[in-house]
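Protein chains in written order, with the numbering used here: chain A, 20 to 306; chain B, 68 to 235.
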Amino acid sequence: MKAPPFAYHDPRSVDELKGLLASLENVRILAGGQSLMPMLNMRYAMPDHVIDINRVAGLDDVRKVEGGLRIGAMTRQRTLERDPLVAAHAPILAEALHWVGHVQTRSRGTFGGSLCHLDPSSEQPCTAALYDATLHVAGPRGDRDVSIHDWVLGYMTPALEPDEALVAVTLHTWDGRYGYGFEEFARRHGDYAIVCTGALLATDASGTITRAALSIAGVDVRPVRLSEAEAMLVGKPADAATLAAAAEIARGIDCMSDAQISGDYRRRLAVAMVKRALTKAAERAKG
Amino acid sequence: MDGIEETRRIRLVVNGKTVERAVSVRKHLGDFLREDLRLTGTHLACEHGVCGACTIIIDGVPARSCLMLAVQADGLNIRTVEGLAEPDGTLHPIQDAFHEKHGLQCGFCTPGMLTTLAAVLEENPEIDEAGIREAISGNICRCTGYETIVDAALSAAATMRQAARGGL
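Structure (structure tokens):
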């Protein structure tokens, strides 16, 4: 349970980081370390070089930008849980983070790290998908932006070249008042989710739904946006029958199976979680 | 890497004392504390972030010492279970409460329980039982069933609230 030998680099700037990524082979980037350190200790990962980005300046701030909230890739989960801008503009992120690991792992774990690690059950890509996030990538061929919907190439595989790094994520937060709800089912709190779901709902003065977003994680290698249900909700009253009918649409999604959890069980859980998340979001939308 | 062990010199504060050592870059902080500083109060069990026994307090927040490289602690301020009591030996309220409420049996998880709860209670002595149970959800205890640990934490919280109001 000890990490294999590697060369250690701790750049202080994004430029220095880019230089290292361009010149080194078989590299792993060390962010918060809450996934990579276990992988090193168990020797699932055997990099020749570890680039620790904890001392890179400017990667850990949260700021309001045109059309959203820009979160530095190294912003700790603990910081986001308490951040006033997150509370004001993306409150579901704080609610989702409550389900991530434990107090000790959230002290170190980062938003960007989770979006690069891409555990299929992770709450953070699920929330990023809800806000149609843009991921800002730096690399030797220039900086580029990738939509969260194009980010997950496959199982735990982000659309990142070996010489690129994620530096920030912009959540395209909604203007005005809206309700939100995040629900999760795991065998114990802090375990990997079997299924987790985020819902955003905006309603007008008469209680009619004007905008909806639904994202489900744990069912596929990437978070699934339930766009059919979103379209069905808009223009309808936010009542129990409408929300239950929207949740039923989750019964049609294609779910992974593994040794413990069957796809059929995940589907049934997805319906229940979507219904709960929508109910919570509808209550909060009322204010 | 052909067996070459890269080392770096680090300087950090551990339990109020500045220490400086050369350390292998692949050594995790828990091993550094135990092997290099001989602070064996920090217990290592799973070494992949699941059990919580190795929890220490880094710059005021609880974290897993097995999930951080020692070299990353350069410049940081660390408290281990050895640093919870006052220099004169007066126990931290959470240590007193564990003693009083029988908050341990075999003692293996205890350093992680104490450091987690010390950090959480120092930040928020108003915490309720649900908050305490959540705070220690990342610390596995196979003896107590957690009840006496929760009792101890609630008792320590009350003591710390009283002390904050100048009642002690």
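For glycine and all other residues, C-beta sits at the position ideal for the given N, C-alpha and C. Predicted, not measured: the structure shown is a model, and the values here were computed from it.
Next item on the list: Determine the contact status of leucine 59 (chain A) and leucine 134 (chain A), defining contact as a CB-CB distance below 8 Å.
Entry: no
Margin query: Let me see if you follow: with CB-CB separation under 8 Å, is methionine 93 (chain A) close to chain B or not?
Written below: no
Check: If we cut at 8 Å on Cβ distances, does alanine 175 (chain A) have a partner in chain B?
Finding: Note that residue 175 (chain A) corresponds to methionine in the displayed sequence, not to alanine. No, its Cβ sits nowhere closer than 8 Å to a Cβ of chain B.
Next item on the list: Tell me whether histidine 166 (chain B) sits in a helix, a strand or coil according to DSSP, three-state version.
Entry: helix
Note to self: Can you list, in chain order, the residues of its chain with a C-beta nearer than 8 Å to that of phenylalanine 204 (chain A)? Leave out the 5 residues immediately preceding and following it.
What the structure shows: Ala212, Ile213, Val214, Cys215, Leu288, Ala291, Met292
Check: Pick from B:Val148, B:Thr211, B:Gly212, B:Thr183: whose alpha carbon is nearest that of glycine 108 (chain B)?
Finding: B:Val148
Note to self: Within the continuous alpha helix (DSSP H) that includes cysteine 145 (chain A), where are the two ends?
What the structure shows: 142 to 149
Next item on the list: Rounded to whole angstroms, what's the CA-CA distance from lysine 94 (chain B) to asparagine 45 (chain A)? Just pull it up for me.
Entry: 20 Å
Item checked: Residue ranges of each alpha helix (DSSP H) within the stretch 73 to 103 of chain A, 4 or longer -> 96 to 101
Next item on the list: Identify the contact partners of serine 126 (chain A) in chain B, using a Cβ-Cβ distance below 8 Å as the criterion.
Entry: Ile125, Val128, Pro129, Ala130
Next item on the list: Might you give, ordered along the chain, the residues of its own chain that have their beta carbon closer than 6 Å to the beta carbon of aspartate 71 (chain A), omitting 5 neighbours on each side?
Entry: Asp29, Leu49
Notebook entry, point to check: Going along the chain, which residues of its own chain have a beta-carbon closer than 8 Å to the beta-carbon of glutamate 100 (chain A), five neighbours each way excluded?
Noted result: Ala113, Leu116, His117, Arg125
Item checked: Contact list for glutamine 123 (chain A) against chain B, beta-carbon separation under 7 Å -> Gly119, Thr122, Pro129, Ala130, Arg131, Thr183, Gly205
Item checked: Residue-chain proximity (histidine 169 (chain B), chain A), Cβ-Cβ < 8 Å -> no
Notebook entry, point to check: Under 8 Å between the Cβ atoms of alanine 187 (chain A) and isoleucine 167 (chain A)?
Noted result: no
Checklist line | Own chain, CB closer than 7 Å to alanine 26 (chain A), minus 5 neighbours either side, in chain order | finding: Asp67, His68
Item checked: Inter-residue spacing [alpha-carbon to alpha-carbon] between alanine 112 (chain B) and cysteine 133 (chain B) -> 9 Å
Notebook entry, point to check: DSSP beta-bridge partners for cysteine 215 (chain A)?
Noted result: A:Glu203, A:Ala236
Note to self: Tell me the rounded alpha-carbon separation between glycine 200 (chain A) and isoleucine 111 (chain A).
What the structure shows: 7 Å
Next item on the list: Please decide whether methionine 227 (chain B) counts as near chain A, where near means a Cβ-Cβ distance under 8 Å.
Entry: no
Margin query: Distance cutoff 8 Å, beta carbons only. Does histidine 307 (chain A) sit that close to anything in chain B?
Written below: Beyond the ends of chain A as shown, which are 20 and 306, falls residue 307 (chain A); an answer cannot be given.
Item checked: Residues sharing a beta bridge with valine 90 (chain B), DSSP -> B:Arg75
Item checked: Span separating the alpha-carbon of glutamate 196 (chain B) from that of proline 129 (chain B) -> 19 Å
Notebook entry, point to check: Measuring CB to CB, does aspartate 169 (chain A) end up less than 8 Å from alanine 157 (chain A)?
Noted result: no
Item checked: Proximal chain A residues relative to alanine 202 (chain B), where beta-carbon distance stays under 7 Å -> Val122
Margin query: Spatial neighbours of leucine 188 (chain B) within its chain, please: C-beta separation below 8 Å, excluding the five flanking residues on both sides.
Written below: Pro160, Ile161, Ile194, Ala220, Ala223, Ala224, Met227
Check: Counting along the chain, where does the beta strand (DSSP E) carrying isoleucine 125 (chain B) start and finish?
Finding: 122 to 125
Check: Smallest Cα separation from alanine 301 (chain A): which of A:Ala22, A:Leu40, A:Gln96, A:Ala218?
Finding: A:Ala218
Next item on the list: Examine the Cβ distances between the stretch 254 to 261 of chain A and the stretch 274 to 283 of chain A and report whether three or more of them are shorter than 8 Å.
Entry: no
Checklist line | Chain-order list of residues whose beta-carbon lies under 8 Å from that of aspartate 141 (chain B) (same chain, five-residue window excluded) | finding: Arg75, Ile77, Arg78, Leu79
Margin query: Could you tell me the alpha carbon to alpha carbon distance between alanine 22 (chain A) and glutamate 85 (chain A), rounded to whole angstroms?
Written below: 43 Å
Next item on the list: With 8 Å as the threshold, decide whether the Cβ of isoleucine 48 (chain A) is near any Cβ in chain B.
Entry: no
Next item on the list: Any chance you could list the beta strand (DSSP E) runs of at least 3 consecutive residues sitting entirely within the stretch 46 to 77 of chain A, in chain order?
Entry: 46 to 49, 68 to 71
Next item on the list: Reducing DSSP to helix, strand and coil, say where valine 217 (chain B) ends up.
Entry: helix
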